[in-house]
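Chemist:
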Amino acid sequence: MMDETIRTIILILLLLVSIPVQIFLSRKDKYAGLVLPTLTFIRYLNLPFTLWKMGSSIAEILGNYLMVNIPTIAYILIYVLSRKKIKQEKEIEKMNIQDL
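Using the numbering used here, read the sequence shown as starting at 49 and increasing by one per residue.
1. Please state the DSSP three-state secondary structure of L93.
2. State yes or no: is the C-beta of P119 within less than 8 Å of the C-beta of T88?
3. So does the region 95-111 actually touch the region 67-79, counting three or more Cβ pairs closer than 8 Å?
4. Along the alpha helix (DSSP H) that carries A122, what are the first and last residues, could you check?
5. Between the Cα of R131 and those of I58, I145, K78 and P68, spot the shortest distance and give me the residue it belongs to.
6. Helix, strand or coil for M49 per DSSP?
7. Short check: CB of I109 to CB of L99, under 8 Å?
8. Let me confirm a value: N144 is counted as buried when at least 16 other C-beta atoms fall within 10 Å, else exposed. Which label applies?
9. Measure the beta-carbon distance from Y123 to L61 and round it to whole angstroms, keeping in mind my assumption that it falls under 8 Å.
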């Protein structure tokens with residue numbers, strides 16, 4: 049029981065640390081921001097095959113795969129929003145230069 053609690057706390061801490069890291073990477077470079085989503089996606093790539101071998105139904109496989117990829121989706125959302133903000137800032141900068 050205590051072991052599960054410690055694992056849960058560590059998982060939550062890793063998640064809380066990874067979000068600012070993802071924001072930093074997404075703002076720093078176009079490709080650096082794709083590192084965490086790619087790693088989390090690759091991490092669970094074998095899950096459907098494992099569940100299939102265990103005799104799980106298609107619905108169970110899809111449900112589990114979507115659930116474990118929630119961090120991947122969150123990282124991609126952070127990436128898209130960060131890159132969109134950078135693009136808007138660059139466009140405003142171009143407009144300010146043209147106004148001069």
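We treat Cβ as the ideally placed atom computed from N, Cα and C, and that holds for glycine.
Modeler: By the coordinates alone:
1. coil
2. yes
3. no
4. I118 to D147
5. K78
6. coil
7. yes
8. exposed
9. That pair is no contact at about 17 Å.
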